[in-house]
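**Q**
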Amino acid sequence: MRRRQVLTAAALSAASLAGCSGSEPPEESPTDEPTDTSSPTDTDTDAVTPDPDDPILFVVSNGTDTERTVSLTLTRTDQTFVDESLTLAPGDSRELDSRIRSPGDYELAVTVENGPQRTMTLAIGSYDVRMGSNHFVDVGADGINVYWEE
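Position 134 of the sequence shown, counting from 1, maps to 134 under UniProt numbering, and the rest follow consecutively.
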């Protein structure tokens, strides 16, 4: 009975030591041949396919306790993407499709009738176009805040 335990232990020990014979590693010879390490380069124009079911929206909200008329204009070079004037009740908001389909710098101008105004440049990237990153324009008692999804 003890003989079986000794044989089993010997077999397991031999299996666990397999490959440990101490042989030398194979010799490697250096090569003088150059390897191709070229990588693709970026182009100036990114090919982006926007999701038609998830456009970049501008959500305009009135965070004040009075009705506000808000004008929003979005342009790029000589093209106008949004030119809307909205009358919003207190706490109301409205979504506008920006019709942005390509990355680039866009000029956003927001004006509140008899109130503040704000103009800024928005850098819309390929990710924004592909994913439909929405932009939010909040009209508050302290001014106009603009932020966006990432």
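In this text, a Cβ means the ideal position worked out from N, Cα and C, and glycines have one as well.
(1) Tell me the start and end of each unbroken beta strand (DSSP E) in the UniProt domain "Ig-like" (66-124) that is at least 3 residues and wholly inside, in chain order.
(2) Could you pull out every residue in the same chain whose Cβ sits closer than 8 Å to the Cβ of S93, ignoring the five residues on either side in sequence?
(3) Give every residue of the same chain whose Cβ lies closer than 7 Å to the Cβ of A109, excluding the five residues on either side of it in the sequence, and list them in chain order.
(4) Strictly by DSSP, which residues pair up with V129?
(5) Which residues in the same chain have their Cβ closer than 6 Å to the Cβ of N145, if we skip the five residues on either side of it in sequence?
(6) Can you tell me which of the three DSSP states G143 falls into?
(7) Between which two residues does the beta strand (DSSP E) carrying N62 extend?
(8) For E95, which residues from the same chain have a beta carbon less than 6 Å from its beta carbon, with the 5 sequence-adjacent residues on both sides left out?
(9) I think T80 touches T69, with their Cβ atoms under 8 Å apart; what is that distance to the nearest whole Å?
(10) Per the DSSP calculation, D138 is bridged to which residue(s)?
(11) Taking the alpha-carbon of R76 as reference, which of E149, Y147 and I100 has the nearest alpha-carbon?
**A** The answer reads as follows:
(1) 68-76, 79-88, 93-97, 104-112 and 117-124
(2) V59, V60, S61 and N62
(3) T73 and T119
(4) Looking at the DSSP assignment, V129 forms no beta bridge with any residue, so it has no partner.
(5) D138
(6) strand
(7) L57 to N62
(8) L57 and V59
(9) About 19 Å; that fails the 8 Å criterion.
(10) S61 and N145
(11) I100
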